[in-house]
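In my numbering, the protein residues as written are 518 to 566.
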């Protein structure tokens with residue numbers, strides 16, 4: 518069974534001030550690019566590196 522989306526593309530765009538470029542529904546979130554899985558929303562955080 519597919520995971521329920523956490524956010525739709527429209528919700529993500531509204532929260533970030535971005536524009537919708539295609540249909541997308543995030544089913545997970547990652548701040549570590551090494552752990553991103555299909556369906557994840559990647560959030561880059563400013564840091565030392």
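For each residue, glycine too, the CB sits at the ideal point set by N, CA and C.
Note that the coordinates shown come from a computational prediction; the quantities given were computed from them, not determined experimentally.
Between residue i and residue j, what straight-line distance do the alpha-carbon atoms span, to the nearest angstrom?
i	j	result
residue 554	residue 536	22 Å
residue 531	residue 542	14 Å
residue 552	residue 544	14 Å
Are residue i and residue j closer than 9 Å when you measure CB to CB?
i	j	result
residue 520	residue 556	yes
residue 523	residue 562	no
residue 546	residue 560	yes
residue 526	residue 540	yes
With DSSP as the reference, please indicate the residues paired to residue i in a beta bridge.
i	result
residue 558	546
residue 552	Bridge partners of residue 552: none, in fact.
residue 525	542
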